[in-house]
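Notes follow the structure.
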Amino acid sequence: MIELYNVTKRYPGGQLGLSDVSLKIAKGQLVFLTGASGAGKSTFLKLIYCEEVPTEGNILVNGRNVSSLPRNKIPYLRRTIGVVFQNFRLIPRKTVFENVAYLPRILGLDRKNQKKLAYETLRQVGLAHRINAFPVQLSGGEQQRVAIARALINQPEILLADEPTGNLDPELSEEILRLLLDINLRGTTVIFATHDRDLITRVGHRVLTLREGSLADDRELPGSFYSQEADKTGPAPSEEAH
Ligand SMILES: Nc1ncnc2c1ncn2[C@@H]1O[C@H](COP(=O)(O)OP(=O)(O)O)[C@@H](O)[C@H]1O
Ligand SMILES: [Mg+2]
Numbered sequence: 003m004i005e006l007y008n009v010t011k012r013y014p015g016g017q018l019g020l021s022d023v024s025l026k027i028a029k030g031q032l033v034f035l036t037g038a039s040g041a042g043k044s045t046f047l048k049l050i051y052c053e054e055v056p057t058e059g060n061i062l063v064n065g066r067n068v069s070s071l072p073r074n075k076i077p078y079l080r081r082t083i084g085v086v087f088q089n090f091r092l093i094p095r096k097t098v099f100e101n102v103a104y105l106p107r108i109l110g111l112d113r114k115n116q117k118k119l120a121y122e123t124l125r126q127v128g129l130a131h132r133i134n135a136f137p138v139q140l141s142g143g144e145q146q147r148v149a150i151a152r153a154l155i156n157q158p159e160i161l162l163a164d165e166p167t168g169n170l171d172p173e174l175s176e177e178i179l180r181l182l183l184d185i186n187l188r189g190t191t192v193i194f195a196t197h198d199r200d201l202i203t204r205v206g207h208r209v210l211t212l213r214e215g216s217l218a219d220d221r222e223l224p225g226s227f228y229s230q231e232a233d234k235t236g237p238a239p240s241e242e243a244h
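Residue numbers (my numbering): 3 to 244.
Next up, the structure:
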């Protein structure tokens, strides 16, 4: 559960990142966060994973107030939150395995169990066969899937995705969307920030719209994604009969 109470973020230069936002996101929910560039999407996510602190208001993650979390407690919070970004942020000189198994908690395991966990997580994103590749050998969509595997390896309760499809063409964007939907179906709370309204209208779910830092809209949209998938599998039997 994520709760925001009258959260305002003003940056040191005076720019308004978020303005008096209050809302709740239930455990296991999938939420899209949308709005034009500069509307406050990244600020919203950064406040949740404590990259930034609010100027006013409170943020509770699983009942714990993270708006005033001491620096030394942040690593504990981050274990429950995975984050992915538009630009993947993989380490170029490390293999897929090393990128995914980089976290301290994983490094605490012996090599065999590290491999096993990395392999299982990569299999979940469909990339187990590229475990020894380097990022440069992968497509953009594959690189993003590695980044998602890295975010998932701690089995976080919450996955935050900041424009994860921003660098991908529509087909690959849809693959990533499908993967995040799948991750959500397994129980992870997902917040998917994107300015791509097309992508959202295909899926539905709860959509939060930010405008100049304020929550301008919060609604449940019906999606056509699943019925479109059904269409793709071929003509309906009744049509085949003709
Ligand atoms: N580190 C920062 N310092 C100063 N202003 C910032 C910083 N990050 C974001 N902002 C400002 O906060 C507002 C919201 O930005 P952001 O959260 O990045 O929006 P979005 O992700 O929707 O594009 C913008 O006006 C932006 O210029
Ligand atoms: Mg942003």
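Note that CB positions come from ideal geometry on N, CA and C, so glycine has one too.
Residues of its chain near serine 216, where Cβ-Cβ distance is below 6 Å and the 5 sequence neighbours each way are ignored: Taking the first residue of the sequence shown as 1, we reach residue 216 at position 214. Its chain contains Ser21 as the residues whose beta carbon lies nearer than 6 Å to that of serine 216, once the 5 sequence neighbours on both sides are disregarded; these appear in chain order.
Going by the C-beta, is serine 216 closer than 8 Å to any heavy atom of ligand 4? Ligand 4 is not part of this structure, which contains only ligand 1 and ligand 2.
For chain B, find out if any of its Cβ atoms is closer than 9 Å to the Cβ of arginine 180; answer yes or no. Reference to chain B is not applicable here, since this structure consists of a single protein chain.
Can the beta-carbon of isoleucine 202 be found less than 9 Å from the beta-carbon of valine 192? Numbered from 1 along the sequence shown, position 200 holds the residue referred to as residue 202. Numbered from 1 along the sequence shown, position 190 holds the residue referred to as residue 192. The Cβ atoms of isoleucine 202 and valine 192 do not sit closer than 9 Å to each other.
Nearest-residue set for ligand 1, Cβ under 6 Å from any heavy atom: Taken from the N-terminal end onward, the list reads Tyr13, Gly15, Gln17, Gly19, Gly37, Ser39, Gly40, Ala41, Gly42, Lys43, Ser44 and Thr45.
By Cβ distance, which residues of its chain are closer than 7 Å to threonine 10, with the 5 residues on each side in sequence left out? Taking the sequence shown and counting its residues from 1, one reaches residue 10 at position 8. Result list for threonine 10: Leu20, Ser21, Asp22, Pro56, Thr57, Glu58 and Gly59, in chain order.
Local conformation of alanine 135 per DSSP, three classes: For the purposes of this step, residue 135 is taken as residue 133 along the sequence shown, with counting starting at 1. In the three-state scheme derived from DSSP, where H, G and I count as helix and E and B as strand, alanine 135 is classed as coil.
Any heavy atom of ligand 2 closer than 8 Å to the CB of glutamate 53? Along the sequence shown, read from residue 1 onward, the residue named residue 53 stands at position 51. Checking every heavy atom of ligand 2 against the Cβ of glutamate 53, none is found closer than 8 Å.
Which word fits glycine 65, buried or exposed, when buried means at least 16 other C-beta atoms lie within 10 angstroms of its C-beta? As a first step, residue 65 must be located in the sequence shown, where it is residue number 63. So glycine 65 counts as exposed.
Nearest-angstrom Cα distance between leucine 112 and glycine 206? Numbered from its first residue, the sequence shown carries residue 112 at position 110. Numbered from its first residue, the sequence shown carries residue 206 at position 204. Looking at the sequence itself, residue 112 is aspartate, so the reference to leucine does not match. In this model, aspartate 112 and glycine 206 are separated by some 42 Å (Cα to Cα).
Span of the beta strand (DSSP E), counted from its first residue to its last, around phenylalanine 87: On the sequence shown, residue 87 is found 85 positions in, with the first residue counted as 1. Taken as a continuous stretch (DSSP letters only), the beta strand (DSSP E) holding phenylalanine 87 covers 83 to 87.
Return the bridge partner residues of arginine 221 from the DSSP annotation. The sequence position of residue 221 within the sequence shown is 219, counting from 1. Val209.
Hey, is aspartate 164 close to ligand 2, as in C-beta under 8 Å from one of its heavy atoms? The residue labelled residue 164 in the question sits at position 162 within the sequence shown. For aspartate 164, the CB falls within less than 8 Å of some heavy atom of ligand 2.
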